[in-house]
Amino acid sequence: MEKGLISVDRWTGHSQAYFLTHLHSDHTQGLSSSWAKGPIFCSRLTAKLFPFKFPGFNLSLLRLLPIGTWHSISLVSPSSGSSSTLQVMPIDAHHCPGSVMFLFRGEFGCLLYTGDFRWETTSKRAEIGRTMLLNALKDDVVDILYLDNTYCNPSYAFPSRAIVAQQVIDIIVSHPEHDIIIGIDSLGKEDLLLHISHELKIKIWVWPERLQTMHLLGFHDTFTTKTSLTRVRAVPRYSFSVETLEGLNTMRPTIGIMPSGLPWVVRPLENGDKLFGSLLTSRYNRSKWSGNGGNHTEKPNGNLGSVEKFHKYIYSVPYSDHSCFAEIEDFVKLVLPTNMKGIVSSSSCYVDPLYYFGRLCGAYQSAQSLPHNKRKERVERLLAVNNKNTFRCGASAGLERKRAMTVKVKNSGIHVSRMSALRRKKRGAKIEENDRPN
DNA sequence: GCGATCAGTT
DNA sequence: CACAACTGATCGC
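So for the first sequence, this note's numbering puts the first residue at 178; every next one is plus one.
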């Protein structure tokens, strides 16, 4: 079976060029310090952060692509030996530092791979990104849009990060005598922390490795590893728990703030436009929260909008680095691709973006009715993408995936996974199964 | 030691 | 219940 000439966020196969959208670990599975299969194309900031994540990596493999400009890459078809030129433009994805989308064009047509992205309409930076994309697309039709469909369901609605950042300020200001703990990952949410620091004129504690990352990002004055300098600390999300907060509160009054992409599901039939979400595990829900009567229902901060207090020490705020449904819709309307695919299929509930946005695709009907779309097949032979979205597997893996295949629920657009819980994790089995003629 | 896979965490 | 992102154990080489 012919392998893809290029790979996006996919590191286990063999390609001639590899593209990295950003440095979160679910996009670098298979990448390591000793990985050396070929050139990696990424943004300048990702390249700067790269050696910190993969010390000892052969940096001569990295190819920096300035954002917003086209670059040509020569590829050679392994089967025919003929060479072709691929053009690629990285575009700011507004997901985390260094994150980009990749716009490709070549003999195969025009592809846009968003990686993880947030498409806010309010900020200056978002406006620049929108203009950049429109300029890049002005002479092209996107044949296939590979879309971050993490929250591709109208149930997912949350405000812009700027609004939520202000909500976080309100929480902190309303607790002047408390220490503040904020859960973050190894990359991302820097803008939130900078906003807090700027508004409240305080430094923010981070753990030592995170301080190094902050320095690499160019933030030299805002962050500290000295706890005595500030009451606001950003801690690893995996060390942020109810138990942690309860332990801290035996020493000093402390509240936790979790900026989370957890589902902020609109429940129109319940409490009007109130937003609900949860950062609590089911274990905790059963064992402690429900047993603690009434505490979580008090609303000491009536003006916090969708902020939800789940625990006497913990606030969850809908600060998401992925696009909400309305933003995905805006994006699709802007790009108007001929066809599209979701790149996230790890959930037990996969929503095909075509269900919601298919009518926006110019050639959607014809693409669906044609038994063989030659152009699409050419495209798919060229491009191998990450394991959330693999189009190519060996024959035996293909058989396995037949068994684990998803089932399309008629008229719902929701594919209910039949994978066992064991096999459910990020197998990327869903997308191409529905594209292949049987 | 390394990569792949799985289990488990918030 | 759910998510994205992450850590850590284990296994085969």
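The beta carbon of each residue, even a glycine, is placed where N, CA and C say it ideally should be.
{"Asked": "Under 7 Å between C-beta atoms of residue 204 and residue 273", "Found": "no"}
{"Asked": "Residue 305 classed as buried or exposed, judged by whether at least 16 other C-beta atoms fall within 10 angstroms", "Found": "exposed"}
{"Asked": "When 386, 410, 356 are compared against residue 371, the one with the closest alpha-carbon", "Found": "410"}
{"Asked": "Exposed unless 16 or more other CB atoms sit within 10 angstroms - verdict on residue 278", "Found": "buried"}
{"Asked": "Check whether residue 399 and residue 374 have beta carbons under 7 Å apart", "Found": "yes"}
{"Asked": "Distance, residue 334 Cα to residue 501 Cα", "Found": "5 Å"}
{"Asked": "Three-way DSSP call (helix, strand, coil) for residue 334 in this model", "Found": "coil"}
{"Asked": "Per DSSP, cross-strand counterpart(s) of residue 306", "Found": "Answer by DSSP bridge pairing: none, since residue 306 is not bridged."}
{"Asked": "Cα-Cα separation, residue 345 to residue 387", "Found": "21 Å"}
{"Asked": "As assigned by DSSP and simplified to three states, the class of residue 404", "Found": "helix"}
{"Asked": "Contacts around residue 230, its chain only, beta-carbon distance under 7 Å, and the 5 residues preceding and following it disregarded", "Found": "200"}
{"Asked": "From 212, 303, 330, residue whose alpha carbon lies closest to that of residue 238", "Found": "212"}
{"Asked": "Option in 322, 357, 280 with minimal Cα separation from residue 406", "Found": "357"}
{"Asked": "Residue 617: first and last residue of the uninterrupted alpha helix (DSSP H) it sits in", "Found": "Outside the displayed range of the chain (178 to 615) lies residue 617, so it cannot be described from this structure."}
{"Asked": "Backbone CA spacing between residue 511 and residue 246 [nearest angstrom]", "Found": "19 Å"}
{"Asked": "C-alpha distance - residue 253 paired with residue 181, whole-angstrom precision", "Found": "11 Å"}
{"Asked": "Secondary structure of residue 326, DSSP reduced to three states", "Found": "coil"}
{"Asked": "Beta-carbon contacts of residue 192 that lie in its chain and below 8 Å, excluding the five residues immediately before and after", "Found": "180, 181, 182, 183, 184, 214, 215, 561"}
{"Asked": "Inter-residue CB distance, residue 324 and residue 291 (contact presumed, cutoff 8 Å)", "Found": "6 Å"}
{"Asked": "Neighbourhood of residue 225 by C-beta distance below 7 Å, restricted to the same chain and skipping five residues each side", "Found": "393"}
{"Asked": "As assigned by DSSP and simplified to three states, the class of residue 349", "Found": "helix"}
{"Asked": "Spatial neighbours of residue 293 in its chain, beta-carbon cut-off 8 Å, leaving aside the 5 residues before and after", "Found": "198, 199, 201, 204, 270, 272, 273, 276, 325, 327, 498, 499"}
{"Asked": "Contacting residues, own chain, Cβ-Cβ under 6 Å from residue 389 (five flanking each side not counted)", "Found": "none"}
{"Asked": "Sheet register partners of residue 195 (DSSP bridge)", "Found": "184, 217"}
{"Asked": "One or two residues paired with residue 414 in a DSSP bridge", "Found": "Answer is none; residue 414 lacks a bridge partner."}
{"Asked": "Contiguous beta strand (DSSP E) assignments of at least 3 residues, all confined to the segment 224-305", "Found": "239-241, 248-253, 260-269, 277-283, 286-290"}
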